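Going by the working numbering, 45 is the number at position 43 of the sequence shown; the sequence numbering is gapless. A virtual CB, placed ideally from N, CA and C, is assigned to each residue, including glycine. Owing to the predicted nature of the structure, the values given are computational and were not obtained by experimental measurement. Notes to accompany the following structure.
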Amino acid sequence: MSDKMRISNIYFNSRPFVKLKLTKSIISCLFLYLLGGCSPPNFSNKLNIHFKGGYGQVEIGGKYVGAEFHHSRPLPSRLSFYYPVANSIVTNADYWHRDESFPLTLLLKSEGKADTIGHIPYPYHYTPFNAQFDNIENNYKVIFSYDVCDNLPVIVLKINLQNTTDQNRVISVETLLEVSLRTSHTFALRNQASLHYDYKSAVATAAFNEIDTDSALVFVANAGHVPVHHNNDSKGLVCDPKLQFTFQKNLDAGEQIEIIQLIGMCRQKESRRIIDKSLQYWQQEISKNKERILNYTFNQTYFSLTDKDLLQTAQWSKALLACNMHYIDGYFMPMPCPAEYNFFFTHDLLLTGLGAMNFDLDYMKRGFGFLNSLTKKDSILAHAYYWKDTGFLAEYCNSDNWNNMWIIIAASSYLKHSADYETVENIFPILKKSLELMLESKGADNLVYSRRPDWWDIGNVTGAKVYNTALMYKALQDYVYIALQLNKNNEPLSDLVQLATRMKKQFAAKFWDEKSEFLMNMMNNDTVDHHYYSGSLVSTFYGLLDDDKISRLLKTAKDTLLDENIGIRNAMPPDFHELISVYKFNGMEAGAPHLYFNGAVWPQGNAWYALGLVADNQVEEAKNVVERYLTLKGIQNSPNGQPSFYECRNSDSKSPHYGEIDKPSFLWAGGWYLYVLYQLAGLRENSFNIYFDPRLPSGFENAEYDLTLFGNLCRIKWRGHGNYFKKIEIDGQIQHSSVITSPATTISLERGKPKTPYLAEANCTIHNVIYQAFDKKLVITFSSIIDQSVKIAAISPNRLERCELNGSDFDISVEINSDNIYRYILKFKTTTKNYELVFYFI
3 MSDKMRISNI YFNSRPFVKL KLTKSIISCL FLYLLGGCSP PNFSNKLNIH FKGGYGQVEI
63 GGKYVGAEFH HSRPLPSRLS FYYPVANSIV TNADYWHRDE SFPLTLLLKS EGKADTIGHI
123 PYPYHYTPFN AQFDNIENNY KVIFSYDVCD NLPVIVLKIN LQNTTDQNRV ISVETLLEVS
183 LRTSHTFALR NQASLHYDYK SAVATAAFNE IDTDSALVFV ANAGHVPVHH NNDSKGLVCD
243 PKLQFTFQKN LDAGEQIEII QLIGMCRQKE SRRIIDKSLQ YWQQEISKNK ERILNYTFNQ
303 TYFSLTDKDL LQTAQWSKAL LACNMHYIDG YFMPMPCPAE YNFFFTHDLL LTGLGAMNFD
363 LDYMKRGFGF LNSLTKKDSI LAHAYYWKDT GFLAEYCNSD NWNNMWIIIA ASSYLKHSAD
423 YETVENIFPI LKKSLELMLE SKGADNLVYS RRPDWWDIGN VTGAKVYNTA LMYKALQDYV
483 YIALQLNKNN EPLSDLVQLA TRMKKQFAAK FWDEKSEFLM NMMNNDTVDH HYYSGSLVST
543 FYGLLDDDKI SRLLKTAKDT LLDENIGIRN AMPPDFHELI SVYKFNGMEA GAPHLYFNGA
603 VWPQGNAWYA LGLVADNQVE EAKNVVERYL TLKGIQNSPN GQPSFYECRN SDSKSPHYGE
663 IDKPSFLWAG GWYLYVLYQL AGLRENSFNI YFDPRLPSGF ENAEYDLTLF GNLCRIKWRG
723 HGNYFKKIEI DGQIQHSSVI TSPATTISLE RGKPKTPYLA EANCTIHNVI YQAFDKKLVI
783 TFSSIIDQSV KIAAISPNRL ERCELNGSDF DISVEINSDN IYRYILKFKT TTKNYELVFY
843 FI
């Protein structure tokens, strides 16, 4: 791509290479905005969070730059740029001690004294895209604020110092930014640059000639009080370059000075244009970025709950999804954090997309398109994409990579929500290759063998693994669904269905440990790995265990993995630092005890635990788990808590760092939260259908939300109480199925005692459901794969007289609940493709 194209993308396009689709929700949003009813600034206070605990870690950012702060200090420990490539400004290369990095220094001189400012904790307000720190230091009210721009590779730093005394003071303020770079991926130190100062515009630059920086230029442009001095002489190459300015002002009592610095990065040959544009448009670009994110968060789609804490976290999650969309090689793609992990990982896209696609189909459509662009002729899925040394580089999945399963699972869900056959058809070669690769890891016992323990990407001991087997079981069925929808008649679908059946049978037989009442991994030679892993929870909601084992596994997880204060630990016991040679780790990469992989708490563990509880019909307890361990308020009200998300938390209850948070704006946390929230709100999805379950937790009785269904944005409205549907109404018409079979604009779900029979769930393709009231007959037409194990459940207030399957009588099981409501369950293995099921009621 040419430099001209790159620049035009920065200035004029909010989404490079992506056509703007005027969906119904966007048009509605624009209409309301013009009326003044949904102006984004009205929502700023809803998103803004205040914290004065003195120990907060903060990450904020946007498309082109992110900043990381530690210990509530207002000076960043790291500035991560994404344009032109992912170079970073950080002074400490030790990952575990990155809080000791201080690239920015502020020196205040007054009355013959000189003091650094900003090295103590400040109370702060922040959102995922900006932060403001306020405090009193040395008789000055000091405010640091940071904002990012929508289409400029700049972070805007404002420093406001107000004289709080009743006397006149002459002050001198010196800002110093150390601009030595750490390169993308290799993290090589580049500490030689050519400095230049433009007197006319008060701009200082540092130009790096190394190719692994992509000939980057760092600039600081002053847009507020004009500096009186600089220390940035043009003198060729300088070691350990610093961009330094001095500001002076005579402050009367109550008077203030405002320093505004635009800190940015670009290529050297485009620097003049970008700096000029930044000085001209930085205020508008801050507003545009804010407007974009608030529109995405509050206007484009709707979610209403009476629980303010759950709703606040949903809004924060959506804002985070919009903010953690970073520039890479001409695209904007999801990345894990604003400032850390500044690469594209397929895993982040797929897992976050599971939650995002419930309301934003473009999130996954763009992502699938990007993955397709990275794929070569062999159709192997890209695992990661980043700049390294001399160019952009893709890593590709091997047979041991869980992305092979996750992309099939995500594509299946996307197809059900979007009916976007074209996009899924385009990536089908990737799905087919991913299936081929994942089958290479299947053992003779029909279980998946992996080198990694659980969901990790470290370790090197091959054995049968619970997590990967559970994902493959789900992915096999999802692949069958996709192939059916795309009419891939040459695919061995019956073989895949039979494999899934054998896998499920062997799964519990091999992994279930009766003594521990948990699913245990295997090491070499079928040696049992006696660690409890959070990944085993995935089996509870992907249908591999019977109801009894689900309940027992969840109880064991509560007894072994759950820390009551902060949530589900990644693995127990946390002794992997003593087993480096056993698991063949690379040194201490698993982390010290209770940190990182080694027993820390990760958000997906809490999400999986909640989803397991939902699958076990413990919806009230699931809501409690979400409120305590995944909401901003719950996280703040825990040991060393703060109002943020996290990648992981210290689980050492004896440590003063117990509960301490790392990476507070972690993308997965928002994606998984949204996924679980929709489940709490009654949404269910299996490999073949989207449907609704009336068993809701308290506080969801009148929930309303937008949901993508078959490419439409549909408003879901809940009313009433009870464990059954009293009435199901789709676009004003009474329906007799909670399994959704066609697009809709509005679905009204009233809970209570059912008046008529209805289809409750099915694991096959449902085509039509009709209830004939005059002869009390419920007719269900569906299709399947030959040899598929089908389960269909219907709810009725009336007893069943008989049941017919394709014209022949068929025996089914029945459950009679205490309130005299009948649940009829049909289970059989198919022998043909198309079926008509008829329930005759008395």
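Rounded C-alpha distance that separates residue i from residue j
i	j	result
Val299	Gln644	Position check: residue 299 holds Thr in this sequence, whereas Val was assumed. Their backbone Cα atoms lie some 22 angstroms apart in a straight line.
Pro641	Phe210	44 angstroms
Asn137	Val144	5 angstroms
Lys517	Pro666	38 angstroms
Pro605	Ala412	19 angstroms
Ala466	Leu449	6 angstroms
Leu676	Glu649	16 angstroms
Leu245	Leu323	33 angstroms
Asn588	Phe599	13 angstroms
Lys829	Trp610	27 angstroms
Val175	Phe146	14 angstroms
Ile190	Asp391	Looking at the sequence shown, residue 190 is not Ile but Ala. Cα to Cα, Ala190 sits roughly 9 angstroms from Asp391.
Tyr631	Leu597	17 angstroms
Phe394	Tyr387	7 angstroms
Gly601	Glu493	42 angstroms
Asn170	Gln250	13 angstroms
Leu613	Gly713	25 angstroms
Ser451	His127	One point to set straight first is that residue 451 is Tyr, not Ser, in the sequence displayed. Looking at the two C-alpha atoms, the distance is approximately 47 angstroms.
Leu49	Gln314	8 angstroms
Lys320	Gly661	25 angstroms
Three-state class that DSSP yields for residue i in the structure shown
i	result
Asn526	helix
Gln790	coil
Asn132	strand
Gly636	helix
Met337	coil
Gly445	coil
Cys31	For Cys31, the predicted model reports a pLDDT of 44, less than 50, meaning its position is unreliable and no value from the coordinates is stated.
Tyr329	strand
Gln508	helix
Ala477	helix
His738	coil
Ala438	It should be noted that the sequence gives Glu, not Ala, for residue 438. The answer is helix: DSSP assigns Glu438 an H, G or I state.
Thr865	The requested residue 865 is not part of the displayed model; the chain covers only 3 to 844.
Met574	strand
Gly266	strand
Gly643	coil
CB contact flag (residue i, residue j, <9 angstroms)
i	j	result
Ile295	Phe131	yes
Met407	Lys476	yes
Pro756	Lys728	yes
His232	Ile259	no
Leu563	Gly607	yes
Leu110	Leu163	yes
Ile432	Leu383	yes
Ala316	Gly68	no
Val220	Ile62	no
Asn400	Tyr585	no
Leu486	Ile276	no
Asn800	Phe843	yes
Val616	Gln681	yes
Leu478	Phe509	no
Val468	Met522	yes
*Do the segment 495 to 512 and the segment 467 to 483 make contact, defined as three or more Cβ pairs closer than 8 angstroms?*
yes
*Pick out the complete beta strand (DSSP E) segments inside the segment 180 to 241, 3 residues or longer, and give them in chain order.*
194 to 200, 205 to 209, 218 to 224 and 239 to 241
_Under 8 angstroms: do the segment 119 to 135 and the segment 76 to 84 share three or more Cβ pairs, one atom per stretch?_
yes
*Counting Cβ pairs, one atom from each stretch, are 3 or more of them under 8 angstroms apart for the segment 415 to 426 and the segment 378 to 398?*
no
*Enumerate, from N- to C-terminal direction, the unbroken beta strand (DSSP E) stretches of 3 or more residues contained entirely within the segment 40 to 73.*
51 to 53, 60 to 63 and 67 to 71
*Which runs of the alpha helix (DSSP H), 4 residues or longer, sit entirely within the segment 582 to 625?*
582 to 585 and 605 to 617
*For the segment 773 to 844, which segments carrying the alpha helix (DSSP H) assignment without a break, of at least 4 residues, lie completely within its bounds, in sequence order?*
none
*Do three or more CB pairs link the segment 743 to 761 to the segment 701 to 719 at distances below 8 angstroms?*
yes
*Taking three-plus beta-carbon pairs below 8 angstroms as touching, is the segment 629 to 640 in contact with the segment 561 to 570?*
yes
_When you compare the segment 760 to 768 with the segment 795 to 811, are there three or more beta-carbon pairs, one atom per stretch, that lie closer than 8 angstroms?_
yes
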